[in-house]
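If you're matching positions, the sequence shown starts at 0 in numbering that gives the first Met the number 0 and goes up one per residue.
So the structure is just underneath, and the comments pick up after that.
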Amino acid sequence: MLEYHGVTFDREVLEGDQVFAASNGSGGSSHSAINFPRIGITTMVLKAGSVNFTAAELAEGVNISTGEQLQSEGKLRKGLMIEGSRYPSFSETNATLTADVLYRFIKKTLDDPHERAKLTAEPITHIYFATESNADRSRPELTPALLMVYSKLLAEDEGRNRSIVEMLKRATPVQITFACAGEGIALEQAVSTIFANHAIGAPNSALVLSVDTAIYDHSKAPNAEVTQGSAATLAWVTKDPKLVEVMYRKGSGAFHIPASDFTKFGSETPTVHGKFSERLYVYVVAKAYEDAERAYEKLTGREADPKYVVTHVPFPKQAIYLATPLFIHYLRHADPALLKEIEGRPGVGPEPRSGYSRFTDMFDATVAAFNRKGSKRMEEAGFKDYIEKNPGLTAYWNWYKAVRENASEEFDAFCKGLNIDGGLVLPGEYGNGYASAKVVMRASGLQGFAKKLSEGMLGQMLRADGSAVIEGSESSYGSGAFSKMLWTEAHVNPAVIRDNVIVLGDPVNLPASIYVPVHENLLLGEAERTVGKGDLIEKDRQLLGSALKAAGRDGRLPEGFKVIRRNGDGTGEYAHVGKRGGVTKLKVRY
0 MLEYHGVTFD REVLEGDQVF AASNGSGGSS HSAINFPRIG ITTMVLKAGS
50 VNFTAAELAE GVNISTGEQL QSEGKLRKGL MIEGSRYPSF SETNATLTAD
100 VLYRFIKKTL DDPHERAKLT AEPITHIYFA TESNADRSRP ELTPALLMVY
150 SKLLAEDEGR NRSIVEMLKR ATPVQITFAC AGEGIALEQA VSTIFANHAI
200 GAPNSALVLS VDTAIYDHSK APNAEVTQGS AATLAWVTKD PKLVEVMYRK
250 GSGAFHIPAS DFTKFGSETP TVHGKFSERL YVYVVAKAYE DAERAYEKLT
300 GREADPKYVV THVPFPKQAI YLATPLFIHY LRHADPALLK EIEGRPGVGP
350 EPRSGYSRFT DMFDATVAAF NRKGSKRMEE AGFKDYIEKN PGLTAYWNWY
400 KAVRENASEE FDAFCKGLNI DGGLVLPGEY GNGYASAKVV MRASGLQGFA
450 KKLSEGMLGQ MLRADGSAVI EGSESSYGSG AFSKMLWTEA HVNPAVIRDN
500 VIVLGDPVNL PASIYVPVHE NLLLGEAERT VGKGDLIEKD RQLLGSALKA
550 AGRDGRLPEG FKVIRRNGDG TGEYAHVGKR GGVTKLKVRY
């Protein structure tokens, strides 16, 4: 028997969809029989902005914009692992990107008899919407996105599509705004909602949508501008998922230290604190991981052994920074002899623990020391300086870098073993999408696993049908600073992943000379750049015309929903561009 949070039950219930009676310790049952359904993600859809700058063009464009020669293609590709970045055009917004992924999901689901039947059996009752880029302070940008989708679907075939529109009109919309952690919080809430409905005999499903456009003002974030990007994502969360199961039976972790490491306080664009933000990110995510690890061991009776790591990455190299303490943690427990040998290599030296067992313990002690500064009252801004200038943390940070450089072969193998290489392909092409960034890495990781399975690299994990089920972890991080860690299980079947991880996009590659007007337009924020600016589709034709012609696209704008104009009263005019470039103005339907 196992006790957890005052409830005792048989450990076997953690291993499958089983029933148990939990005891409150007094001989009576505190719960009726509980069934644990498998819950997770069945379908994913991604869409980034249609404007694309390659690493070379992005670096040059930022230099033109700032009047400084700060960036280079090599720095972006090798230093940050950025291959390019995607942005919305004039007529694209977070609302249109959200509409694109929702519309594509509905079309796919209605066209597949099995998924349509699943949707009928498990109707969507909640739509969770994660963003930190909301233009309207009274309602989520999900609202105009739904209006566009309803209007398009009902114009196409009201008889066929009316039922799903009515289903979505009865779904509860929930917006979650906690920077980049929003999607992780939304996913956990979706799982809880489905579990609760399942327990009372009312099967349901949920949508988790995330969308953001990351845009930086050089004057407030001079080193962050190259990490900009945009994306909207959708995850259909159901019972018996096809892609990813959330292993809620095995616990989770969370950690929050309320610090202003990144903030949009009173502004459309954020203020970013470089070293402080990076160190706090690694600390908070690692603490959440440790919390989840303890819960896993307590609930299952065995040590966690994740085979992949999915995390929010403001830029791809950040995943490598986070992997470093995980690498040391692994060596300390699994191969202490190798850790000692690495410490003996020139340029590395012993781990600078100074009486602490790990980086997070040292960080804990540093926070405690800040609290003990005597009678002097420290302001919040002082915490940032205290962390950035702390010699112990600086020594640890430098030691991590030395390990990566001097144990590159072992460290690279460790990262590949966690599928970090596969998970960084799409983030390197999209740029940072804030709340959507972790979802982009999740989709990229699934595609990476499918590729490895097809190449025979997952032999030890294969099942009889040729697929693989792989256990790992997903962590979200939100500036402010909060991390949520969930245990998940990836279901790797190349055909299923190909059909159910849908990456939309028809990007237009633009030269560096176009970067300035695109960036300055995005700096205005979604409301100001769309209200009273004339016909935004016509502005796109002017902006993209030469690039479209050079690409042999005969002036055809990228497919998807578009904003013609938004009005100050919250209303708008919208259109949809078809595959052949035809523009159809949407007649509003509900």
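Ideal Cβ placement from N, Cα and C applies to all residues, glycine included.
Source: prediction; values computed, not measured.
Pick from V468, L208, M440 that is closest to L452, judged by C-alpha positions: V468
Backbone secondary structure at I386 - three-state DSSP: helix
Cβ pair V50, L547 closer than 8 angstroms: no
Check whether K241 and T41 have beta carbons under 8 angstroms apart: yes
Counted within 10 angstroms of its Cβ, other Cβ atoms place Y514 as buried (16 or more) or exposed: buried
Contacting residues, own chain, Cβ-Cβ under 7 angstroms from G554 (five flanking each side not counted): R540, G544, L547, K548
Under 8 angstroms between C-beta atoms of H217 and T65: yes
8 angstroms Cβ cutoff met for E121 and T237: yes
For S191 and G569, the rounded distance between their alpha carbons: 33 angstroms
6 angstroms CB neighbourhood of N196 in its chain, flanking five on each side removed: N203
Cβ-based burial, D110 [other Cβ within 10 Å; buried from 16]: exposed
Helix, strand or coil at T130 [DSSP, three-state]: coil
Start and end residues, beta strand (DSSP E) containing N566: Per DSSP, N566 belongs to no beta strand (DSSP E) and is neither H nor E.
Straight-line Cα distance separating K586 from T232: 25 angstroms
Contacting residues, own chain, Cβ-Cβ under 6 angstroms from A58 (five flanking each side not counted): Q70, S71, E72, L75
Range of the contiguous beta strand (DSSP E) that encloses D42: Here residue 42 turns out to be Thr, not Asp, going by the sequence shown. Where T42 is concerned, the enclosing beta strand (DSSP E) stretches over 38–46.
C-beta contact flag for G39 and E244 at 8 angstroms: yes
Where P172 falls: helix, strand or coil (DSSP): strand
DSSP three-state assignment for N370, whether helix, strand or coil: helix
Alpha carbon of A287 to alpha carbon of R588, nearest angstrom: 45 angstroms
Endpoints, beta strand (DSSP E) assigned at V207: 204–213
Reduced DSSP secondary structure (H/G/I, E/B, other) of K415: helix
N- and C-terminal bounds of the alpha helix (DSSP H) containing R293: 273–299
Collapsed DSSP secondary structure at T665 in the structure displayed: Past the boundaries of the shown model lies residue 665; the chain is included only from 0 to 589, so the question cannot be answered.
Segment limits, alpha helix (DSSP H) that includes K437: 436–453
Inter-residue Cα distance where the pair is Q446 and G416: 15 angstroms
Within 8 angstroms, strictly: CB atoms of S90 and L535: yes
At least 3 beta-carbon pairs within less than 8 angstroms: the segment 295–304 vs the segment 498–509: no
Nearest-angstrom beta carbon gap, A253 and S482 [assumed within contact, 8 angstroms]: 7 angstroms
Proximity of T529 and R403 at Cβ, strictly below 8 angstroms: no
Burial state of N23 (16 or more Cβ within 10 Å): The predicted model places N23 with a pLDDT of 45, which falls under 50 and marks its position as unreliable; any figure quoted below should be read in that light. Exposed.
Test item: CB-CB of Y307 and G444 under 8 angstroms: yes
Identified DSSP bridge partners for H575: F560, T583
Where the beta strand (DSSP E) through S229 begins and ends: 228–238
Distance between S266 and G346 (C-alpha atoms, nearest Å): 44 angstroms
Segment contact flag, the segment 141–150 with the segment 95–108, C-beta cutoff 8 angstroms, min 3 pairs: yes
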